[in-house]
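> Attaching a single structure in structure tokens format; questions to follow.
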Amino acid sequence: MKILYSLFPKLFKGVSLEELADILKETGFEAVDLLIREGYWVDFENMATESERFINFMNKKGIKVEFSTAGFSPEMLCENQEPLRILSELGIKSFKNVLSIL
0 MKILYSLFPK LFKGVSLEEL ADILKETGFE AVDLLIREGY WVDFENMATE
50 SERFINFMNK KGIKVEFSTA GFSPEMLCEN QEPLRILSEL GIKSFKNVLS
100 IL
């Protein structure tokens with residue numbers, strides 16, 4: 000079994016996709032998480048278009064995107080399963096749900 004190392008890019012907020020891809024290549028990561036969060040490359044408002052753009056960009060750079068980290072509440076997903084459909088159609092195999100606690 001081959002282990003795939005995927006970077007959780009939260010600490011790279013503000014860098015361009017090109018810069019993020021360069022960082023991944025320089026540090027030996029083969030994959031990056033699709034982080035869906037306000038203020039990052041993909042948020043809930045632009046998820047349908049920007050998720051695909053993010054994944055396609057990284058794939059062209061030889062970087063895999065198979066995992067997502069987002070803040071979907073269970074109630075949100077019960078009311079609207081569109082985020083799961085989008086992720087599934089884009090090849091995301093699993094996701095981690097991280098809710099913000101105030």
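Residue numbers (numbering that gives the first Met the number 0): 0 to 101.
All C-beta atoms in this analysis are idealised placements derived from N, C-alpha and C, irrespective of residue type, glycine included.
Evaluate contact between the stretch 59 to 67 and the stretch 28 to 40, counting only Cβ atoms and requiring at least three cross-stretch pairs below 8 Å.
In short, these stretches touch, since the Cβ pair count reaches three.
> Suppose the cutoff is 8 Å on Cβ atoms and the five residues either side in sequence are ignored; what does the same chain contact list for L101 look like?
Reading the sequence shown from its first residue, position 102 is the one you call residue 101. With a pLDDT of 44 at L101, under the threshold of 50, the modelled position of that residue is not reliable, and no figure is offered here.
> Between M46 and I85, which are expected to be in contact by the criterion C-beta below 8 Å, what is the C-beta distance as a whole number of angstroms?
Here residue 46 refers to the residue found at position 47 when the sequence shown is read from its first residue. Here residue 85 refers to the residue found at position 86 when the sequence shown is read from its first residue. With a Cβ gap of about 6 Å, M46 and I85 count as contacting.
> Starting from N96 and walking both ways along the beta strand (DSSP E), at which residues does that stretch end?
Locating residue 96 in the sequence shown gives position 97, counting from the first residue. Its beta strand (DSSP E) spans residues S93 to N96.
> Using a Cβ-Cβ cut-off of 6 Å (strictly less than) and excluding sequence neighbours within five positions of N96, which residues of its own chain qualify?
Walking along the sequence shown from the start, residue 96 turns up at place 97. Correct list, in chain order: F71.
> Indicate the three-state DSSP secondary structure (helix, strand or coil) for K59 in the structure shown.
Indexing the sequence shown from 1 puts residue 59 at position 60. Residue state, collapsed to three classes: helix.
> Sort S87, M0, L6 and G38 by Cα distance to Y57 and report the nearest one.
What you label residue 57 is simply residue 58 of the sequence shown in a count that begins at 1. The amino acid occupying residue 57 in the given sequence is Met; Tyr does not appear at that position. Checking every option, the nearest Cα to that of M57 belongs to L6.
> For P82, count neighbouring Cβ atoms within 10 angstroms of its own Cβ and tell me buried if that reaches 16, exposed if not.
The residue given as residue 82 occupies position 83 in the sequence shown. It is buried - the Cβ of P82 has at least 16 other Cβ atoms within 10 Å.
> L34 by DSSP, collapsed to three states: which one?
One-based indexing of the sequence shown puts residue 34 at position 35. Strand, per DSSP.
> Assuming F53 and V41 are in contact, meaning their beta carbons sit under 8 Å apart, how far apart are those beta carbons, in whole angstroms?
For this step, residue 53 is matched to residue 54 along the sequence shown. For this step, residue 41 is matched to residue 42 along the sequence shown. Between V41 and F53 the Cβ distance is about 6 Å, and since that is below 8 Å, they are a contact.
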